[in-house]
Amino acid sequence: MLFGIPRETKVGEHRVAITPETASQLTCRNQTVLIQSGAGYGSGFSDDSYRKAGCNIASSAEEVWGSADLVVKVKEPQPCEYGLIREYSALFTFLHLAADLPLAQTLLEKSVLGIAYETVTHTDTRFPILAPMSAIAGQLAVHAAGHHIQRAHGGLGKLISRIDGAPATEVVVIGAGTVGQNSARLALANGANVTLINDTQDRLEQFASENEYFADKLKTVISTPDSVETSAKNADVVIGAVYSPGRRPPVLLKEQQIKKMQQGSVLVDVAVDQGGCFETTHATTYEDPTYTTHGVVHYAVANMPGAVPKTATAALSNATLPYLLQIAELGIVAALKNNEGFAQGVNTFKGNPVDPGLAATMGTTPTPFAA
5 MLFGIPRETK VGEHRVAITP ETASQLTCRN QTVLIQSGAG YGSGFSDDSY RKAGCNIASS
65 AEEVWGSADL VVKVKEPQPC EYGLIREYSA LFTFLHLAAD LPLAQTLLEK SVLGIAYETV
125 THTDTRFPIL APMSAIAGQL AVHAAGHHIQ RAHGGLGKLI SRIDGAPATE VVVIGAGTVG
185 QNSARLALAN GANVTLINDT QDRLEQFASE NEYFADKLKT VISTPDSVET SAKNADVVIG
245 AVYSPGRRPP VLLKEQQIKK MQQGSVLVDV AVDQGGCFET THATTYEDPT YTTHGVVHYA
305 VANMPGAVPK TATAALSNAT LPYLLQIAEL GIVAALKNNE GFAQGVNTFK GNPVDPGLAA
365 TMGTTPTPFA A
């Protein structure tokens, strides 16, 4: 098996799909790893560190895409890479196809076996590959909000941390999954008042129970259109942290509701990878991370963990390693057939959409994965 690791091309993306340590776990099992020169630089890994792990170094992306049995990436292929994707090839990466139908169509036209990190499931951790990136994004959302709420950056001029004699910052987090819980926990630890909104009571109760120390700062609310609008209207910061597997997320705040928010308040849309959960969201980059609409600062960077590549690459590589080892042992298709949760990651196969969320977005019916 030849595992191909190209250098990431998405703007602001500094992660690499696997660390040298993970690569060595493959090469010591007589697998071939071909990594594009420079792919690891952003995460602090030299070409030589991969050579020492037994990898071969490719001089170009064309060499990687053209040779690999399985291309392993971090983020979805960019338009500049579409021409490199071979027919009947296999790809393992974050795909977010519901928000990127041109890529979805490319993978279908080329009969690519597209395995999406974000829809791989496991009994213990619902989304074991997505989870560590969600935890990072949830924490970065609070850092971003704390930066952009400052007056110098277009915000209303409050400190997200608590200061005696000054009113606490009001942070609303919509969604109590991995992203939302990490955002809420960090905001609480910084001294903010946090309203955590979710569509089910059990997660709210669990979070409140696990964070009793912050009981005087935490409010939990069941999600309804009215509760979301009321909470947002009074908020200094709103973090959108919902996830709908394989689908675009629901729109939680309409434009008319955003118009009612405080001037200089901050919206952070962590769901932007899947299309965004605020009506006024459009994806941004770390080069130009914000824009202001109706006086509200919008932060919608589509690859937030890319800002902390040393942390994020290590966490991602650790999460994907078990699946790569299964592929090394059994082959791609057999590994998927042997692991139902892994097979949930299949989004496209033999020219058909397999993931139900993707199929619904494309207005068709899913084709069950079958080799």
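For the sequence shown, the residue numbers in our numbering are 5 to 375.
The C-beta atom is built at its ideal place from N, Cα and C for all residues, glycine as well.
Exposed or buried, which one is Asp273 when buried takes at least 16 other CB atoms within 10 Å? The residue in question, Asp273, is buried, as its Cβ has 16 or more Cβ neighbours within 10 Å.
Using the rule of at least 16 other Cβ atoms within 10 Å of the residue's Cβ for burial, across every protein chain shown, is Tyr54 buried or exposed? Result: buried.
Roughly how many whole angstroms lie between the Cα atoms of Leu107 and Ser227? Annotation: Leu107 to Ser227 spans about 33 Å, alpha carbon to alpha carbon.
Simplified DSSP assignment, three categories, for Leu112: Helix, per DSSP.
For a quick check, are the C-beta atoms of Cys281 and Val246 less than 7 Å apart? The answer is yes: Cβ separation under 7 Å.
I need the straight-line Cα distance from Ala141 to Val183, nearest angstrom please. In this model, Ala141 and Val183 are separated by some 6 Å (Cα to Cα).
In the DSSP assignment, find the unbroken beta strand (DSSP E) run with Ala347 in it and report its ends. Ala347 -> not in any beta strand (DSSP E); alpha helix (DSSP H) instead, spanning 344-347.
Check whether the Cβ atoms of Val270 and Ala304 sit closer than 7 Å, and answer yes or no. Between Val270 and Ala304, the C-beta gap is not smaller than 7 Å, which leaves the two residues out of contact.
From which residue to which residue does the beta strand (DSSP E) around Gly70 run? Segment 65-71 is the alpha helix (DSSP H) holding Gly70; no beta strand (DSSP E) there.
Have a look at Gly279, Ile262, Asn307, Ala172 and flag the residue whose alpha-carbon is nearest the alpha-carbon of Thr289. By alpha-carbon distance to Thr289, the top candidate from Gly279, Ile262, Asn307, Ala172 is Asn307.
Buried or exposed for Cys59, please, with buried defined as at least 16 other CB atoms from any protein chain shown within 10 angstroms of its CB. Buried is the call here.
Helix, strand or coil for Pro326? Go by DSSP, reduced to three states. Three-state result, Pro326: helix.
From Asn186 to Ser115, what does the alpha carbon distance come to, in whole angstroms? Those two C-alpha atoms are separated by around 38 Å.
Using 8 Å for Cβ pairs, my map puts Leu38 next to Ala332. What's the rounded Cβ distance? Contact between Leu38 and Ala332 does not hold, since the beta-carbon distance rounds to 14 Å and is not under 8 Å.
Report the rounded CA-to-CA distance for Gly48 versus Lys314, giving the unit in angstroms. In a straight line, the C-alpha of Gly48 is about 7 Å away from that of Lys314.
Taking 6 Å as the limit between beta carbons, can you name the residues of its chain near Val78, skipping five residues before and five after? Here the set comprises Glu12, Arg19, Ala21.
Should Pro249 and Gly361 be called a contact, given that it needs their Cβ atoms to be closer than 7 Å? For the 7 Å CB-CB criterion, Pro249 and Gly361 form a contact.
Residue span of the beta strand (DSSP E) that contains Leu74, given as start and end: Its beta strand (DSSP E) spans residues 74-76.
Nearest to Leu144 by CA position, among Val15, Pro357, Ile243, is which residue? Comparing Cα-Cα distances from Leu144 to each of Val15, Pro357, Ile243, the minimum goes to Ile243.
Beta carbon of Thr368, beta carbon of Leu112: below 7 Å? It is not a contact, given that the beta carbons lie outside the stated cut-off.
Classify Ala219 as helix, strand or coil using the three-state DSSP reduction. In this structure, Ala219 counts as coil in the three-state DSSP scheme.
With 16 other Cβ atoms within 10 Å as the buried cut-off, status of Ala311: Burial check for Ala311: the Cβ neighbour count within 10 Å reaches 16 or more, so the residue is buried.
What does the alpha-carbon distance come out to for the pair Glu17 and Gly46? Distance between the alpha carbons of Glu17 and Gly46 is about 8 Å.
If you check the beta carbons only, do Arg166 and Gly195 fall under 7 Å apart? Taking the C-beta atoms as reference points, Gly195 is found nearer than 7 Å to Arg166.
Would Ile9 and Val76 be called neighbours here (beta carbons separated by less than 7 Å)? Closer than 7 Å, so yes.
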